[in-house]
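Structure first, then comments.
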Amino acid sequence: MPPNPGRRDVLVGGIASAIGLGLLDGCATVPTAPAAAAPSDLVDLSLEVNGQRRALRIDPRTTLLDLLRENLGLTGAKKGCDMGQCGACTVLVDGQRIDSCLALALQVEGRKVTTIEGLARGEELHPMQAAFIEEDAFQCGYCTPGQILSAVALLAEGVADSDGAIREGMSGNICRCGAYPNICAAVRRLRGRG
Amino acid sequence: MSVGKRFPKVDGASKADGSGIYADDISLPRMLHAKILRSPHANARIRRIDPSPALQVPGVVATLIGAEMPEKYGVIPWTHDEQALATDHVRFVGDEVACVAALDERTAEEALKLIEVEYEVLPAILTPEDALAHPEIKVNERAKVGNITKQVQLEFGPVDEALASAATIARQTYFYAGSTHTPIEPHCAVARVDADGNLTVWSSTQIPHYLQRELSRVLGLPQAKVRVIQPLLGGAFGGKSDPFSLEFCVAKLALKTGRPVKILFTREEVFYAHRGRHPMKMDVTVALDREGRISAVDNKILIDGGAYASFGLVTAYYAGQLLTGPYRFGTYRFDSKRMYTNKPPCGPKRGHGSVQPRFAFEVALDEAAEKLGIDPIEVRRRNFIGEFVETVNGQKITSNGFLKCLELVEEASGWRTRHGKLGPGRGLGVAGSMYITGTAYPVYPNEMPQSGVLVKLDRSGRVAIFSGASDIGQGVNTLLCQIAAEELGCDPRDVTIVAADTDLTPVDLGAYSSRVTFMVGLAAREACLKLAEKLRVAGGANFTEACQRAEAIEGAPLAAAGGYRTQKLGGDYRGGTIGASPAYSFTAHVAEVEVDEETGIWKVSKIWAAHDCGKALNPTLVEGQIEGSVYMGAAEAQMEEMVYDQRGLLFGPSLLDYRIPTSLDTPDLESFIVESNDPGGPYGAKEAGEGPLHPAIPAIANALHDACGIRIRELPFYPQRILKLLRERRDKERAA
Chain W
1 MPPNPGRRDV
11 LVGGIASAIG
21 LGLLDGCATV
31 PTAPAAAAPS
41 DLVDLSLEVN
51 GQRRALRIDP
61 RTTLLDLLRE
71 NLGLTGAKKG
81 CDMGQCGACT
91 VLVDGQRIDS
101 CLALALQVEG
111 RKVTTIEGLA
121 RGEELHPMQA
131 AFIEEDAFQC
141 GYCTPGQILS
151 AVALLAEGVA
161 DSDGAIREGM
171 SGNICRCGAY
181 PNICAAVRRL
191 RGRG
Chain V
195 MSVGKRFPKV
205 DGASKADGSG
215 IYADDISLPR
225 MLHAKILRSP
235 HANARIRRID
245 PSPALQVPGV
255 VATLIGAEMP
265 EKYGVIPWTH
275 DEQALATDHV
285 RFVGDEVACV
295 AALDERTAEE
305 ALKLIEVEYE
315 VLPAILTPED
325 ALAHPEIKVN
335 ERAKVGNITK
345 QVQLEFGPVD
355 EALASAATIA
365 RQTYFYAGST
375 HTPIEPHCAV
385 ARVDADGNLT
395 VWSSTQIPHY
405 LQRELSRVLG
415 LPQAKVRVIQ
425 PLLGGAFGGK
435 SDPFSLEFCV
445 AKLALKTGRP
455 VKILFTREEV
465 FYAHRGRHPM
475 KMDVTVALDR
485 EGRISAVDNK
495 ILIDGGAYAS
505 FGLVTAYYAG
515 QLLTGPYRFG
525 TYRFDSKRMY
535 TNKPPCGPKR
545 GHGSVQPRFA
555 FEVALDEAAE
565 KLGIDPIEVR
575 RRNFIGEFVE
585 TVNGQKITSN
595 GFLKCLELVE
605 EASGWRTRHG
615 KLGPGRGLGV
625 AGSMYITGTA
635 YPVYPNEMPQ
645 SGVLVKLDRS
655 GRVAIFSGAS
665 DIGQGVNTLL
675 CQIAAEELGC
685 DPRDVTIVAA
695 DTDLTPVDLG
705 AYSSRVTFMV
715 GLAAREACLK
725 LAEKLRVAGG
735 ANFTEACQRA
745 EAIEGAPLAA
755 AGGYRTQKLG
765 GDYRGGTIGA
775 SPAYSFTAHV
785 AEVEVDEETG
795 IWKVSKIWAA
805 HDCGKALNPT
815 LVEGQIEGSV
825 YMGAAEAQME
835 EMVYDQRGLL
845 FGPSLLDYRI
855 PTSLDTPDLE
865 SFIVESNDPG
875 GPYGAKEAGE
885 GPLHPAIPAI
895 ANALHDACGI
905 RIRELPFYPQ
915 RILKLLRERR
925 DKERAA
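Chains as they are written, first to last, in the numbering used here: chain W, 1 to 194; chain V, 195 to 930.
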C-alpha cells in the first residue's frame, strides 16, 4: 500500500492523476530522521532587530517570519499565507519592504530589520500608524502591521506621486475587509510630508 | 454626547502597533503544535486507519483519530452531520482524517505521512444535478431522502393566476458561482487544560457560545468545565461561524497529553474549511402588470451545499424568504433544494443565502421593466413596499428608508442625464435589496436572552463592560464604549471592555446574521440606563464623584445587567420564523462600468451605495461596513470562484490562484448613510455589515446591459463570458 498523502501532497497527487500519470504515487518519502534540527545542525545568526543587535542559534530552515514570531516574540508580523501572497508579514530590511515569510532568517545576517514593534518613537506612534487610525484604515487589523510597513517603505521609495501610484504601490498587501479607500487616504495624508 | 459621533476604534492603537493578540500570537509553556491529515479522495470509505507509526517519530507526543471523539456535531442542532475527524467515511478532498501533536509544527507535518489509512474509493458526486440523479450514492448519511440536505417549498397567493394575467414576464435561468471568505487570518485554536480539568480554548471564532456547547457535547465534558475565549479576530465574514475540526482536535489533544496544543491552519486548509457562498442555479420568473407592479415572482433554486450541512437548513429558507422586500410582491412562490455534494461544505458568507437570488431577481426585474419601457429606478420606486407593513410571506417590516436610498444614488450618479446615454461600452445599472438585522431566534430554542451585558462602575471612575459579543473588526467594542459614554456621561476612553469569554462574560450568541449592534446595543443600553439613574440620584461634581457617591448609597459595588430578549416574530406557517427579524435594512446601488467590446475586458468605474442603517451610531464604522460590503460584492461579480476538477480537487487553494481584488482592482465607491430611525433598534440603529453587499452584483450586471446590450446571467462576469455574449448580440443584429 502506498503511503498516504499528506496535506501538501494532495494537490500534487491530484494533478498527477488528472493528467493521467501515476508517477507521483508511492514517491512520498518516509522521513527517517526527526524533522526538528539536531543541535549540531543549528547555525549562528546575528542581526539587528528594531535597533537592537541579536545573536541567536537557529535551525537553518527558519524563515525570517518564524524567527520574528517564534524566536523573538515579535508577533506583529502575521502569517496569513506563508507563501508571499498576502503581505501580512511585511517587514523592512535595511529600509526595504519584503515578505518575511519568503526570506530565510539567514539571508538577513548582519542586516537591519524593522518590524511594526520598532516603528513607534518611544510613546509616540509613527505618523503612518497615526494616519491609519485617523483614517480608519483597518477593520479586523490582521493585515495592518504589514500595510503600515509597506506604506512607510512606499513613501521612502518616492514613487507614490498619484492615487494610482499609491494603489499600485500598495497592491502587494491584501485587505479582505476592503478598507482600501481608507488605506490609500492614510498614505495620501502623509505624502509630501517627508 | 457620544452616540452618532465619529469615534476612532478603541482597539485601533493595538492594531496599528502590532501589540494586539490574535489566536496565533498565543504561546504557552510546553505548548505542542498539531497538524491534521486530510483525505485525498472526494468520497471514500475508511477501511483501516493506524496512526501508530507516526508515534515513532522523535518529537511526536500524541496522535488522534476519529474513533476517539466520534460524536457528530454541527452549528444547527437539527443537522449534526460532521465529525472532527472522520471515523469511516470521508466526503471531500481535504476532509479531516487524523491528527498529530508534536514538539514543533514541522515534526507534526512530517509524522502525518506515516499514518496508514486504507481507503475504498467511491464514486464522487460533484454537482447538485448529479446529487439529484444519483440518490443511491450517499454523500452524507444524514440526508433522509437521496442527497437533499433540506427542501423548502412555499407559496404565498395564487402565483399561477397572476402569471396568467401578467402584462409581461421575464423568465430565465441564472447561475451564481461559489466563492469563499478568505479572511487574512487563517483559523487558529489553542487549548489548555488546568490542574482541575477545566478546558480553555482560545479560538478565532465568531461564535464562542455555540462552540462551547459543541465542545462540551463532543468531548463529553460538562459545559461548565469548557471555557471559550475569542481573542482579536483577523477577519471572518461568516467563515468562522461554525465549529471547526481544529477546535476539537486541540481540545482533545490537550486533554490527552496534559499540555497546551495549538493548530494554525495553512492557507490551503482555510480553503477546505470553506463555509463560503453556496453556488445556486435559479430559474426565476418575474411578472409585471400593466402599471409595472410586481404581480408574481416564482423561483426554483438548486443549491450546491458541499459535504456537510453547516447552516444549510437556514440557507435553503433564506434563499427564498429574504427576497420579499423592498418591493411589494403580489404573489410569491419558491422551491429551494440544498444538495449534499462531495466538496468542501458551503455555509454563511456575508449576506447568507440571499445574495444569489437577489442577483437573479434584480436582473429579471430590469428585464421585465425594459419590456414595458419603464426606467429601472422608476420600476423600483413604483414597487416600494412601504414602512411598517407586512411582506407577502408574513415578515414585519418596520422603518424603511429605501426610497431615500434610491434618490441618493440616482442623484449622485447623474442617472437621469446619463443612464442609456453614456455611449458604447459605458453604462449605469441600479439594484436594491433588503437584509435582516439579526435572525429573530437562537439556533437552539430557549427562553433565555440572546445577548447579555454587565456594566460595573469603579470608584476610580473606570467603567468595565462585560459583553459576550464578538468584535470581528466591525467595531462592536467601540460601540459599547460609545453607549456607555452616552448614558453614563463618562469618557469613552475610560471604559474597559471584557469581551467574548464564556467564563467571564454573559452570553451573546455570536457575530452572525447582522445581529450584534441591534441586540448587544439594546442590552448595553438597558444596563447603562439602570446605572445612570443611580448616578443621577447620587449627584456629584463629575463622573468619578458621582460613582463614589452612588457606591456609598448602594453599600455594594455598582453594577447592572441588561439583556436582549427574543421577540415573537414571523409568519404563521412552518418555517415562517426563518427570515423573521426585528428590523430590516435597505440598500440601493448604482454601478458604472466600462467595457472594451473587442476583448470583453471590463471594469467597474464607480459604485454609489446608499444604505439605510436606521441610525449610524458611529458613521465612520458604518461607512467602513458599506465599503467593505461593496468591495466584497464587486469581487464576486468580477473574479471570485471556487473551481474543482473532475475528481473534486479544488484548483489552486492559494491567494494567487483563487483571485481576490487588491487595491488596484477595487472600484471607486461613494457611500451614503440613510437614517430611518427604527423604533426597535438601539437609538434607532439597524444593521450595516451585510445588506450593502447584495445590490453590487446585479447593479453591475444591469450596468453591463446598459453599456453594451448584453444580459449576463452567470457569475463571475469573466471577460470571455462578456465576449461570448457580445458576439451573440452581433450575430443577432446581423441576422436581423
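Glycine included, every Cβ here is placed at the ideal spot set by N, Cα and C.
Cα-Cα, which of the options is closest to residue i?
i	options	result
V:LEU597	V:ALA625, V:ALA895, V:ALA930, V:ALA558	V:ALA625
V:LYS450	V:VAL294, V:GLN761, V:ARG484, V:THR711	V:VAL294
V:GLU441	V:TRP396, V:GLU462, V:PRO425, V:ALA418	V:TRP396
V:PHE553	V:ALA721, V:ASP211, V:ALA782, V:LYS728	V:ALA782
V:PHE431	V:VAL315, V:PRO542, V:ARG768, V:GLY769	V:PRO542
V:THR460	W:CYS101, W:ARG188, W:ALA153	W:CYS101
V:GLU791	V:ASP477, V:GLY617, V:GLY588	V:GLY617
W:LEU190	W:GLY164, W:GLY178, W:MET128	W:MET128
V:ARG768	V:THR479, V:GLN345, V:ARG300	V:GLN345
V:LEU357	V:THR479, V:ARG522, V:VAL508	V:THR479
V:LYS209	W:CYS81, W:ASP66, W:GLY141	W:GLY141
V:ARG522	V:TYR912, V:VAL573, V:PRO538	V:VAL573
V:THR611	V:GLY619, V:VAL586, V:THR367, V:ASP569	V:ASP569
For residue i, collect the residues of the same chain with a Cβ closer than 7 Å to its Cβ; drop the 5 residues on either side in sequence, then sort them by chain order.
i	result
V:ARG915	ILE906, GLU908
V:ALA829	ILE854, PRO855
V:PRO776	THR631, GLY632, ALA634, PHE712, GLN761, LEU763, GLY874
V:ARG386	LEU222, THR394, ALA448, PRO454
V:LYS590	GLU584, LEU763
V:ALA721	VAL647, LEU648, VAL649, ALA754, ALA755, GLY756
Taking the straight line between their C-alpha atoms, what separation do you get for residue i and residue j?
i	j	result
V:VAL701	V:HIS403	7 Å
V:GLU788	W:TYR180	21 Å
V:LEU917	V:THR793	6 Å
V:LEU815	V:ARG200	8 Å
V:ILE579	V:THR518	9 Å
W:GLY22	V:ALA562	With a pLDDT of only 33 at W:GLY22, under 50, the local geometry of the prediction cannot be trusted, and the value read off the model is given with reservation. Approximately 54 Å, taken between the alpha carbons.
V:PRO247	W:ARG61	25 Å
V:ARG370	V:GLY623	According to the sequence displayed, residue 370 of chain V carries Tyr and not Arg. Going from the Cα of V:TYR370 to the Cα of V:GLY623 covers about 19 Å.
V:LEU919	W:GLU168	31 Å
V:HIS227	V:VAL255	10 Å
V:LEU725	V:ASP218	38 Å
W:ALA160	W:ILE166	5 Å
V:ASN536	V:LEU316	11 Å
V:LYS203	W:HIS126	18 Å
W:VAL30	W:ASP41	Any answer about W:VAL30 is weak, because its pLDDT of 38 lies below 50 and its placement is not dependable; what the coordinates show is given next. Near 20 Å, if we compare the C-alpha coordinates of W:ASP41 and W:VAL30.
V:GLU927	V:PRO913	21 Å
W:ILE116	W:THR144	9 Å
Just to confirm my understanding: we take residue i, look at its own chain, exclude 5 residues before and 5 after, and list those with CB closer than 6 Å. What are they?
i	result
V:SER439	ALA278, GLU290
V:MET628	GLY519, PRO520, TYR778, PHE780
V:PRO876	GLY715, LEU716, ARG719
V:SER799	GLU786, GLU788
W:ARG176	none
V:ILE331	PRO317, ILE319
V:ARG576	GLY486
V:ASP695	ILE423
To which residues does DSSP link residue i through a beta bridge?
i	result
V:PHE660	V:LEU648, V:VAL692
V:LYS344	V:ARG532
V:CYS382	V:LEU458
V:MET476	V:TYR368, V:ILE495
W:LYS112	W:GLU48
V:MET628	V:PHE780
Mind checking whether the beta-carbon of residue i lies closer than 7 Å to any heavy atom of the ligand NAP?
i	result
V:HIS472	Summarising the ligand content, the structure contains no ligands, and the ligand NAP is consequently not present.
Handout entry: Members of the region 101-113 of chain W near chain V, C-beta cut-off 9 Å
Key = Within the region 101-113 of chain W, no residue qualifies.
Handout entry: Members of the region 140-167 of chain W near chain V, C-beta cut-off 7 Å
Key = Cβ contacts with chain V come from CYS140, GLY141, TYR142, CYS143, THR144, PRO145, ILE148, ARG167.
Exercise for the section: Scan the region 808-837 of chain V for residues whose Cβ lies nearer than 7 Å to a Cβ of chain W and list them as they occur along the chain. Expected result: Answer in chain order: THR814, GLY818, GLU821, GLY822, TYR825, MET826.
Exercise for the section: Taking only beta carbons into account, state which residues of the region 312-327 of chain V come closer than 7 Å to chain W, listed in chain order. Expected result: For the region 312-327 of chain V, residues whose beta-carbon sits nearer than 7 Å to a beta-carbon of chain W comprise GLU312.
Practice task
Determine which residues of the region 454-479 of chain V have a Cβ less than 8 Å from any Cβ of chain W, and write them out in chain order.
Solution key: Within the region 454-479 of chain V, the residues whose Cβ lies closer than 8 Å to any Cβ of chain W are, in chain order, LEU458, THR460, ARG461, GLU462, GLU463.
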